[in-house]
Structures are given as C-alpha cells and as structure tokens.
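Note sheet for the following structure.
Protein chains: 4
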Amino acid sequence: MAREAWGRWGAADEAGAPNRIGREQVRLAASLVRTGQVVSLAQPLSPASPVPKHRAGMQHFMGRDGGDYAAGAKRPGGFQFAEDTVVLPLHLGTHMDALCHAWCDDHLYNGFLGSTVRSTTRALRCGAEKLPPVTTRGLLLDVVALRGGPLPGDASIGREALQAACARIGATPGEGDAVLIRTGWQEAQQPGAEVDFTREPGIDVEAAEWLADSGVALVGADNYAIEVLPFPPGTVFPVHQRLIRDYGVPLLEGMVLKPLAEAGGGVFLFVAAALPLVGATGSPVNPLAVL
Amino acid sequence: MAREAWGRWGAADEAGAPNRIGREQVRLAASLVRTGQVVSLAQPLSPASPVPKHRAGMQHFMGRDGGDYAAGAKRPGGFQFAEDTVVLPLHLGTHMDALCHAWCDDHLYNGFLGSTVRSTTRALRCGAEKLPPVTTRGLLLDVVALRGGPLPGDASIGREALQAACARIGATPGEGDAVLIRTGWQEAQQPGAEVDFTREPGIDVEAAEWLADSGVALVGADNYAIEVLPFPPGTVFPVHQRLIRDYGVPLLEGMVLKPLAEAGGGVFLFVAAALPLVGATGSPVNPLAVL
Amino acid sequence: MAREAWGRWGAADEAGAPNRIGREQVRLAASLVRTGQVVSLAQPLSPASPVPKHRAGMQHFMGRDGGDYAAGAKRPGGFQFAEDTVVLPLHLGTHMDALCHAWCDDHLYNGFLGSTVRSTTRALRCGAEKLPPVTTRGLLLDVVALRGGPLPGDASIGREALQAACARIGATPGEGDAVLIRTGWQEAQQPGAEVDFTREPGIDVEAAEWLADSGVALVGADNYAIEVLPFPPGTVFPVHQRLIRDYGVPLLEGMVLKPLAEAGGGVFLFVAAALPLVGATGSPVNPLAVL
Amino acid sequence: MAREAWGRWGAADEAGAPNRIGREQVRLAASLVRTGQVVSLAQPLSPASPVPKHRAGMQHFMGRDGGDYAAGAKRPGGFQFAEDTVVLPLHLGTHMDALCHAWCDDHLYNGFLGSTVRSTTRALRCGAEKLPPVTTRGLLLDVVALRGGPLPGDASIGREALQAACARIGATPGEGDAVLIRTGWQEAQQPGAEVDFTREPGIDVEAAEWLADSGVALVGADNYAIEVLPFPPGTVFPVHQRLIRDYGVPLLEGMVLKPLAEAGGGVFLFVAAALPLVGATGSPVNPLAVL
Numbered sequence: 001m002a003r004e005a006w007g008r009w010g011a012a013d014e015a016g017a018p019n020r021i022g023r024e025q026v027r028l029a030a031s032l033v034r035t036g037q038v039v040s041l042a043q044p045l046s047p048a049s050p051v052p053k054h055r056a057g058m059q060h061f062m063g064r065d066g067g068d069y070a071a072g073a074k075r076p077g078g079f080q081f082a083e084d085t086v087v088l089p090l091h092l093g094t095h096m097d098a099l100c101h102a103w104c105d106d107h108l109y110n111g112f113l114g115s116t117v118r119s120t121t122r123a124l125r126c127g128a129e130k131l132p133p134v135t136t137r138g139l140l141l142d143v144v145a146l147r148g149g150p151l152p153g154d155a156s157i158g159r160e161a162l163q164a165a166c167a168r169i170g171a172t173p174g175e176g177d178a179v180l181i182r183t184g185w186q187e188a189q190q191p192g193a194e195v196d197f198t199r200e201p202g203i204d205v206e207a208a209e210w211l212a213d214s215g216v217a218l219v220g221a222d223n224y225a226i227e228v229l230p231f232p233p234g235t236v237f238p239v240h241q242r243l244i245r246d247y248g249v250p251l252l253e254g255m256v257l258k259p260l261a262e263a264g265g266g267v268f269l270f271v272a273a274a275l276p277l278v279g280a281t282g283s284p285v286n287p288l289a290v291l
Numbered sequence: 001m002a003r004e005a006w007g008r009w010g011a012a013d014e015a016g017a018p019n020r021i022g023r024e025q026v027r028l029a030a031s032l033v034r035t036g037q038v039v040s041l042a043q044p045l046s047p048a049s050p051v052p053k054h055r056a057g058m059q060h061f062m063g064r065d066g067g068d069y070a071a072g073a074k075r076p077g078g079f080q081f082a083e084d085t086v087v088l089p090l091h092l093g094t095h096m097d098a099l100c101h102a103w104c105d106d107h108l109y110n111g112f113l114g115s116t117v118r119s120t121t122r123a124l125r126c127g128a129e130k131l132p133p134v135t136t137r138g139l140l141l142d143v144v145a146l147r148g149g150p151l152p153g154d155a156s157i158g159r160e161a162l163q164a165a166c167a168r169i170g171a172t173p174g175e176g177d178a179v180l181i182r183t184g185w186q187e188a189q190q191p192g193a194e195v196d197f198t199r200e201p202g203i204d205v206e207a208a209e210w211l212a213d214s215g216v217a218l219v220g221a222d223n224y225a226i227e228v229l230p231f232p233p234g235t236v237f238p239v240h241q242r243l244i245r246d247y248g249v250p251l252l253e254g255m256v257l258k259p260l261a262e263a264g265g266g267v268f269l270f271v272a273a274a275l276p277l278v279g280a281t282g283s284p285v286n287p288l289a290v291l
Numbered sequence: 001m002a003r004e005a006w007g008r009w010g011a012a013d014e015a016g017a018p019n020r021i022g023r024e025q026v027r028l029a030a031s032l033v034r035t036g037q038v039v040s041l042a043q044p045l046s047p048a049s050p051v052p053k054h055r056a057g058m059q060h061f062m063g064r065d066g067g068d069y070a071a072g073a074k075r076p077g078g079f080q081f082a083e084d085t086v087v088l089p090l091h092l093g094t095h096m097d098a099l100c101h102a103w104c105d106d107h108l109y110n111g112f113l114g115s116t117v118r119s120t121t122r123a124l125r126c127g128a129e130k131l132p133p134v135t136t137r138g139l140l141l142d143v144v145a146l147r148g149g150p151l152p153g154d155a156s157i158g159r160e161a162l163q164a165a166c167a168r169i170g171a172t173p174g175e176g177d178a179v180l181i182r183t184g185w186q187e188a189q190q191p192g193a194e195v196d197f198t199r200e201p202g203i204d205v206e207a208a209e210w211l212a213d214s215g216v217a218l219v220g221a222d223n224y225a226i227e228v229l230p231f232p233p234g235t236v237f238p239v240h241q242r243l244i245r246d247y248g249v250p251l252l253e254g255m256v257l258k259p260l261a262e263a264g265g266g267v268f269l270f271v272a273a274a275l276p277l278v279g280a281t282g283s284p285v286n287p288l289a290v291l
Numbered sequence: 001m002a003r004e005a006w007g008r009w010g011a012a013d014e015a016g017a018p019n020r021i022g023r024e025q026v027r028l029a030a031s032l033v034r035t036g037q038v039v040s041l042a043q044p045l046s047p048a049s050p051v052p053k054h055r056a057g058m059q060h061f062m063g064r065d066g067g068d069y070a071a072g073a074k075r076p077g078g079f080q081f082a083e084d085t086v087v088l089p090l091h092l093g094t095h096m097d098a099l100c101h102a103w104c105d106d107h108l109y110n111g112f113l114g115s116t117v118r119s120t121t122r123a124l125r126c127g128a129e130k131l132p133p134v135t136t137r138g139l140l141l142d143v144v145a146l147r148g149g150p151l152p153g154d155a156s157i158g159r160e161a162l163q164a165a166c167a168r169i170g171a172t173p174g175e176g177d178a179v180l181i182r183t184g185w186q187e188a189q190q191p192g193a194e195v196d197f198t199r200e201p202g203i204d205v206e207a208a209e210w211l212a213d214s215g216v217a218l219v220g221a222d223n224y225a226i227e228v229l230p231f232p233p234g235t236v237f238p239v240h241q242r243l244i245r246d247y248g249v250p251l252l253e254g255m256v257l258k259p260l261a262e263a264g265g266g267v268f269l270f271v272a273a274a275l276p277l278v279g280a281t282g283s284p285v286n287p288l289a290v291l
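Protein chains in written order, with UniProt numbering: chain C, 1 to 291; chain D, 1 to 291; chain Y, 1 to 291; chain P, 1 to 291.
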C-alpha cells in the first residue's frame, strides 16, 4: 500500500494529519462562530455503555462517598467529600484513536515499528499524548438527512454519498478540517436492546481516501468503527489501515451527532482534545461543536 | 454559611456556575482569537503522575500490543492493532471537580443530599456528566509574574494579589469567565523529586469569594487544590466548601500554566469539556487556551 | 429472627462457626486420609468465568510478558519474566463469603453494625481476614447421585433430602464439619451457553437450619448461592440471612463437586483457606478434598 | 545451564516438581498431624501491603456496603449485603510463582516458548491453573533460630546453613517435600517504616540446587524473592532461573514463618493451593501448616 503521509511532517513526526491545522485554520474556525451555541458530541460514559461481547465494559468505584458519612464517618472542619476510580477501556464510548492503535506490515504510521508498543513500555511512539488538540473547522456530513433516515446495518458509504452530503452544506473538505459523518447507527438503536457491533453503516476505502487526500485532520462518525461492517471480503479494518497508518489521520468514534444535526450545524468551530495519556492507544473525549 | 448560588438556576439545577456561560459569552470568547495558537494546559497522564501518599496512582495495561505480533499473533487481513485499559483515579493530573465532589452539612450544591452519592449508585446528583462544556473567556492571573517567581509552599493568595494580576492583563473577572491562577507550584517541582502535597501556594477564602461574586464560571490553578495548604487553623478545604458547594463553581486542578504565560496568554478563548462520566466526582480534562 | 450463634464465642468474635473446628476436629480429619488422592474443588478463574448480568467479570492484564522479549526487551543477566494484575470481583467463581457479606436489620453476625462496612474503611468487622482456615472433616452430600442426575433449575432441597444424602455415606453432620452439597447446577450447564443465574437448585431454610443446628463450620455447594433460586415468595436470600448472620456460618459457593463424587469422596479431610483480604466481603479459594 | 527437570514428567508437563507429590507423600504428610494446631502462613493482604517502588499495590473497592443502607438504600425482603472488587497484582504479599513467571534463553520450564506468554492470551503454558495443589510434608528450615536472630539485609544462605537448619529438626529434604526457609526478613521490618526491597537475606544458587536435587516440590521463604539480594555480580535472579525454569520448582514468597517457629513447627502437614487463575504468572495463597 502507499504510505501517503509518511515523512510529510518529518521522520520523527508522531502527530500525523492534525499537523494540518495551522494557526490560519484555527483563526478561520473561530470566525465561524455565529450563535454561540455549544453542542457536546459525546455519549454518556458509564458501566452501562455498550461494548462488543469480546470486550469488558467500564467499571466505576467510589472510594469515598455520602454513604460513608451516613454511616458515621468524621468530617473534620465540616468538610465532606467523595472520590472515585474508573477502570476504563480506552476504546469505549466516544473516543479518539491514537496513531499507534492500528497498523499493518509491522509498521505504524511514519514507519515506526509495531514492536515499540509493548506491555511494559506501552506505546513509545504515536501514543495519545502525541495527538495535538484538534481545534479547527468542523463539517457535518449528514448521510441520515441525505437518505431520509438512519442507514441499514451494513450500508457502505462511498465517496459520492459524502460529496452529496457536502453539497447540502455548501462546503468541501479541505486542509485541516474535521469531518464528522452521521450514519444514524447509534440513534437507530433501541433503548435497552443489546447493541450489535458486527454490522454498522460506515464509509468504504475509496471514501476514506478521498477525505484524506482532501487534507482532513480528523475523521469522526457516530458509529463504532468509522468504516462499514462487515468488511469487504478478504479485508479486515481496511479503512483503519489506510487512514491511521498510511495517512496519519486519527479517528473519532462513537460520536453523538443527531443533536448537532438538529441544531442546524453544518460548518462550525470544532474542538476535541485527547487526554495526554502517555503511550495510550486512544483517549475518551468530549468533542464540541460551537455554532 | 451562605449558599449564594442555591436556587439561582432553579431547584433542579446540577450544573452551577457554568450556567453563567450564555451564548453571548461564547461569541465574545470566540472573537478573542488573534493568532490562532492553541495551548494545551494539561499534564501528561501516566503511572508516573504524582499523587499524594494516601492515594493510588494510575495504572495502564495493554490488552493487545506489538509484542503479541512479535511473539507470533495472527494478523487476519493484514490488520494489526493495540488496545489498552486504564485504572484511573478521577482526581489525578489535570482534572475538573464535579459539584458532587465536596460538600458540608450533609448537603451538596443546591441542597441535594450528600447521601445521594453512594457506592451502588454513584452520584445521582451533580455528577461529572452534569457539567456543561466550558467554552468561554479565559483569564490568566499570573501571580508568578507578579511576584517574580513561583510562590513558596504555603503562600496564601488573597483578593488583592488577584486584583493586581488582573491589572497586569487589563481585565476584570466577569460573568461566565474561566479564571486560571498561576502559582508556580508545579513548575517549581524538581524533576524526579517526590512532590509534597501537604504544602502549596493557593487562594484564600476571601479571594475565592471575590471571584465567585464576580460571576466566574470556573476557577482553575496550577496547583493541587486551588486553595492554600496547610489550611487556616480550624478549617479543612474551606475554599472547596465555598466555591463548589455554596457557589456551584467547579474547580480545575493540576493545570500547566507556564507555557500559556510564555505564549503571552492573558485573555483568550478557553475550552474545557469534562468527560460525561455518569455519577463521577470529577473528570480528567485537557483544557485549551486559543490565543 | 433468632440469632443462634451471637455471643456464643464472645462478644468480640468475628469468626463464627469455624470456631467449632478445634484441634480434635483437625486431628480426626487428618486421620481420614486413606488413599492420598487430592481433589481440587475449584473452577478455573478467568475473564471467561460466568457472572450474572448485573455484575462485571474478572479482568486479567499482563504487565510484562514474552511478547516484550519478542519485541526486543532487554534481559539483564539473562533473566526474563512475566507479571500480571487481575481486576477481581470477590464473589466470582469458587469463593467463600465472609461474615460481613450478608445481613439484615442493620446488624451483622454477632451484633456488629452494618455501617462498619464502608467505602473508605471496607469491612471493619467480619472481613475475610477474620475467617480462620477451614481444616476439618468434609462430607459430600450428593443430591445428584440421590436423584439420579442434576436437579432442575428451581428445585428446593429440604432437610430430608440432605438426610438421605447423609445416609448414602453413612455419616451425620457434626461439630465443625464442612458440608458440601452437590446439586448438579454447574455440571448441567452447556459449554458455551449463557449461564442462567436466576434459577438454581439449592437448599431451603429448614435444611440450612438443620445443618447449622448440627454444628457445621461451613456449608458449600456447586451452585451460585447455596440456596434455591427463585426465593420463596416474600423472601430474599433467606438462607444467607440465617446461615451467615444468625449462625455465623460462612458459605462456599461455586464449587466443582463432580470430580469428588467420581473419586468416591464421601467423608474426607477438607481444607479451604480464605485469603486474608483485609476488610473484604469474600475471598476466592481453591478448596481441597484429601481422600 | 542444565535443565534438570525438562522432560522428566513428559514433554507436555506444565506442573513441574509438584509432580513429585504422589499419594504416598500425601498419606505420609497427613500422618504427621499430632496436636491439630493449624497455623496460617500468609500476610494480611490490603492496599497497605508493602510493594517495591516500581510496582503498584493492591486496590480494594466496595461496590455495595453498609454506607449505602445508612444512606437510604432499599432492603427488599430485609436482605442487606456488601460486595467488593480488588485490583490485585499477582506477586503481592504471600504468593506462589507459577512456572511461567521466570525464564531465560526464551524458553520456559520444559522447553515451552517464552512467546506463549502474551498480552492477549496470557500464559498459554505453565500458568497458575497448571500448579497442582501442594499437600505434602513441610519442613521449616529456621535460619533465624540457627543464627540467633533475623539475618542482615544481604546475607547469603548457603547449603551448609540449610543443612544445619535441617539438623535442628532431625529431617532431610526429600521427594515431594515443601521446604520453608525462615530468614527473618519480614519480622525484622519496623512497623510503619518503608520496606527495603533491594536487600534481603536469601539462599544462594548452590543451596537452591541442593534443595532441588533433593527432590523438593516447592521452596518457600519469608522474604520477597527466596534468593539473596543484591544478586551476585553479573547475575539477575539466578535462583529463579534455576529453580523455576530448570527444575520446575514453584516458589512461595512473602510467607509469615515466625508464628510457625513459635508453635514449634519443624516437620508437619503443609497445604497450599494456588487459585486456578488461567494463564496467570502467580497466585495469592494462604498456606497452612497443620501440626
């Protein structure tokens, strides 16, 4: 496969396509603010957050709480407090994939060795702490609006569909943009029903390449894996391989995009800052659209 | 004690002072962007992140990594990946305190019972998921610059010092602002030396009340607890009690502010979005200043 | 309810019925060894261990492993090693319930307050570290053999069934004995099928009282909760309440008893030592029958 | 290095030296019981359990507790309960090393590849679930009594010292024995003082080889690593390499042996059963001496 972005920002680069967000892009993005409405694009995060069957969910433990005081704990100086700890898989809920999350041919983005990601060291290269904050122009490509409803479980979204969605908002993906794709996967789920992680509408490789070649800094979606599931025969996560490894484009999965669509968001100031988790393969985020 | 903000945004409100950030504040904040420089204000987060002795640090485990492939794991379709899980105390590193974190007299902000925060339910009221995103005007009150260097370990910062710091940037805290106080605590630490969590420069109660009465939405600092340690005799976390419980002001602790000062940031667009951790007493964040 | 064992071993006692195992019982138990065959009565413990839907399973993380060396980690002095960490719910797999696990009327066994079990302190009374090692005569009450197969999902096992099972081995529960009840619940489960934790064969309250009045030190079974599920109308875990709280009898749940039956074990030396987990409500164990 | 035990119990063997415990050994061990006194040889296990600086300690979280009820939680059918979860490093406190814990030359005991121990699969070979229960004759080699007090921090214990300790109890290590070595390391620690894990008295390689050649099934000690620390120049954990990898002898570290010495235990029935943690590199245990 081609390795389009390797070397583009230097042999030592671990940030990838977010390098495309220069100060000019930030200034432009800030200038897009009109109404001042801020829309959070994150799922609630809890032990009830859905996970594929082969993965563990989040756990959340209180180390001190109001029950302690009800049971008689002292309150020196009147002070009462609660604190807690989470056991958090980093690819749960709304999260950003770091560039060390996916690769092939034993090489990560920019040619780093896959073997730099280990149990003892965690990711020495391309960890979540290397992802710059994403503060840029956001585009909502609303395929749900385009199709008149959430897409079926295995619908492949191609380049032409994305272009049609762009036409709806009168904008074209460009240098440093964050592109958010609404497939309807999440909003079509029934409350209480088990979530099916084996089928989801998502983009195909050609669409991914078109976005990356357009210069986008980040691709997000309201589904579990950005790309269509099941994969085309003979492939496994082909969009991950192309976007993350070859183009250095971080993915932002599990977004909540219906409220943004309802607020009329098409082109907006977008902000998503991964936690600087050293050597992590991803990070939970609470991305924002500022309209 | 007075309960200045109780009822101000309705009896059911769990968001507190961030309610002060209206659309007008957001628009104004966006208009402050000049150069487009984005400064992250978060510490790296890792098992090496310093913690007080009575608390556990973060743990970080790889569930799959490059070592698996080096050891012979299969790669169907060529796809290789890594994933990981953290055991994360929520008051570690750079984090926002939710309004259920601290209270007194068995009542949280806005009169909710402390007993609504339990092992089984976690925080039913005022959890981190109730904190709105903070996208507003940020002010850096640089007490380090004012005093010519990091403050000593137990320096109390009063209202007048904050006012002097305001004068330096020609701004006054107002409705919906995020105020960030640079004490120098963190930057004065020696690399490799154990961090002393029993002494830190920080604000006193009067300074806190002045900020809250000025209408700020959030108070952040580059120390561990916003307020001076040791506490004044006979008190325990008095600023937490006043700001969080009485005024509903979330605190943003453990910030990294030296790079912002060095970038000349005084008045800027500030963005910090807590993760929507349901029922949590706090959230790690990666706050941003956009200059 | 009566509180049969309260005060029996002093007002400060936190060990309960295992106090019944005196040195005489130990000597007698050791003298039962005939063939020298040792049978482990524990389930394998792994992330695949079945759990009720409302609970989280075990997680198991490698902190260092052979993959690290395959990926190039150094081996000073030739030494290579692996180490790991588990996130382990204490009522998973084969485990012993501590006397602080279940109670009613706000009082634990021997009158300790339920409020001594808190998030901050964990169990100040009757924690797993207070359970003495159980080294005593074991009796296998094989209801499966008695009935000719595993019992149906909601079969209530009464006193008479237990007495009939006793008759099969020519022994009667007595002072300090460990009684193990084979219901067939576990062995009837189909491999790969989801385990139903809402229905299980188990003893009723009268059977439990008969065992406790006989002076047993511990009651074990090959099911999830010792007692029959669903509970009799209007009750919730009535056997737990009676045995643990009123009689101070620890329960040993999730045992594997078929291999013991197949080895001809009826009366034997039984050994089960809870881990001294300070303030814990239970402990995983690997109980042994020595024939 | 020689690989003395490889192939001895077949090419597929993953149990190692505990295979030496035949039924005859078990019967003999049971016959040693005289007084019926049972002595637990385990440390209490808690977040306060000492750990080397580079490792994380145990964490212990209540998922439900008495504080919940004090705070108003419902109690259907009168039933109240508490449950908890531990985050437990498996080489903490009193624990048994599985045969996959230590190796060299990329090969585990019996020639299995080190690369079979991975993040994703955990230990496919020689995990803790492969360790048979150890029910055998125990010998206490009391070097503290021999020397008149706890040994200094870096005292190397050689074969002759072990032989002198054997002479004190009139026994010689033989086929299938569990040998427990009291160095005094733990009992010499001052309460509240930080434990030094860089220096400890322990056996040297010659002593280890003598024990293994004598046919022992297990070697335990009251120190952190069985062997002397610091290591002889140019070596790293040489006793681990020899005993675990070459002889297939599991180690039982962090034992509490003073109470056993005080009870006059020299030759006794010894029982230690690792938890069947699938693919784990070790297991916490509560070993027992029955006198």
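C-beta atoms are modelled at their ideal positions from N, C-alpha and C, and glycine is treated no differently. Every value quoted in this text rests on a predicted model; they were computed, and no experiment measured them.
In this structure, the alpha-carbon of D97 of chain C lies about 10 Å from that of G220 of chain C. Under the 10 Å beta carbon count, R118 of chain Y is surrounded by 16 or more other beta carbons and is classified as buried. The Cβ-Cβ distance between P44 of chain P and E14 of chain Y does not fall below 8 Å.
Using a Cβ-Cβ cut-off of 9 Å, S119 of chain P is close to R118 and S119 of chain C, given in chain order. Inside the region 110-151 of chain D, DSSP marks whole beta strand (DSSP E) runs of 3 or more residues at positions 134-142, from first to last along the chain. For G67 of chain D, at least one C-beta of chain P is nearer than 8 Å to its own C-beta. DSSP, reduced to helix, strand and coil, places R8 of chain Y outside both helices and strands of the structure shown, so it counts as coil.
In this structure, C:G248 is the residue among C:R242, C:G184, C:G248 and C:D222 with its C-alpha nearest to the C-alpha of P132 of chain C. In the three-state DSSP reduction, D204 of chain D falls in the coil class, being neither helix nor strand.
Around the beta carbon of E200 of chain P, 16 or more other beta carbons lie within 10 angstroms, which makes this residue buried. If you draw a straight line from the Cα of A123 of chain C to the Cα of D65 of chain P, it is about 38 Å long. For E83 of chain Y, same chain residues with a beta-carbon under 8 Å away, outside a window of 5 residues either side, are M62, G63 and R64 in chain order. Under the DSSP assignment, Q189 of chain D falls outside any alpha helix (DSSP H); it carries neither an H nor an E label.
The C-beta of V290 of chain C comes closer than 8 Å to at least one C-beta of chain D.
Apart from sequence neighbours up to five positions away, the residues of its chain that approach D106 of chain Y with a beta-carbon distance below 8 Å are L113, G114 and S115, ordered along the chain. D68 of chain C counts as buried, since at least 16 other C-beta atoms from the protein chains shown sit within 10 angstroms of its C-beta. At a C-beta separation below 7 Å, A71 of chain P has these neighbours in chain C: G66, G67 and A70. For E4 of chain C, the closest C-alpha among the options C:V290, C:I244, C:Y224 and C:G264 is that of C:I244. Counting C-beta pairs closer than 8 Å gives three or more between the region 8-23 of chain C and the region 33-47 of chain D, which meets the contact rule. Taken through DSSP and simplified to helix, strand or coil, H101 of chain C comes out as coil.
Taking 8 Å as the threshold, the shortest C-beta distance from M96 of chain Y to chain C does not fall below it. H107 of chain D sits in a strand when the DSSP states are folded into three classes. M62 of chain Y reaches chain C at S119, counting residues in chain order whose Cβ is nearer than 9 Å.
In this structure, the alpha-carbon of R55 of chain D lies about 13 Å from that of G93 of chain D. Near chain D, meaning a CB-to-CB distance below 8 Å, no residue of the region 245-264 of chain C qualifies.
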